[in-house]
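Residue numbers (my numbering): 94 to 230. Beta carbons: idealized from backbone N, C-alpha and C, even for Gly. Please read these numbers as outputs of a predicted model, since none were measured by experiment.
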């Protein structure tokens, strides 16, 4: 299976919304092959609980404005991991620690990455990894 045009439309709206609220490390995974119920997992990091809730809320608001209603929402009260299910698109907005702990990218590493069009922001951690790779080469 491949990602549907509808799912890609949802993703483009979600990416713009997440970026507008300061979402970091935006990653979209094509999970259409292993999962018959969704096409894309969209993963975003927020810097604080308030930021996580704001990002998830903005994504939900923009998708609703575009005529897409969520099927379910989980985790909004705690603000550590908010999941919003739009059917073809499942949005995961994580606090930094939860994102590292659950590591969905690692769990779904066999799934292709879909370009979001938003360049990744370099964090201190990724910069340190790049430097250590250069030193070992």
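Residue 156 and residue 184 have their alpha carbons spaced roughly 11 Å apart.
In the DSSP assignment, residue 211 falls outside any alpha helix (DSSP H), carrying neither H nor E.
Rounded to the nearest angstrom, the Cβ distance from residue 164 to residue 180 is 6 Å, consistent with a contact under 8 Å. Residue 176 is a Cβ neighbour of residue 167, given a cutoff of 7 Å.
When Cβ pairs closer than 8 Å are counted between the two stretches, the segment 118-126 is seen not to touch the segment 140-154, the count staying below three. When the alpha-carbon of residue 102 is set against those of 159, 169, 154 and 95, the nearest one is in 159. Under the DSSP assignment, residue 165 falls in the beta strand (DSSP E) whose first and last residues are 165-167. Residue burial is scored here from C-beta neighbours: residue 182 has at least 16 other C-beta atoms within 10 angstroms and is therefore classed as buried.
For residue 183, the enclosing beta strand (DSSP E) starts and ends at 182-188. Note that the C-beta distance between residue 191 and residue 173 is below 7 Å. Note that the C-beta distance between residue 121 and residue 211 is not below 7 Å. Residue 139: member of the beta strand (DSSP E) spanning 133-139, first to last residue. When C-alpha distances from residue 200 are compared across 129, 97 and 136, the shortest belongs to 136. Bounds of the alpha helix (DSSP H) holding residue 108 are 98-113.
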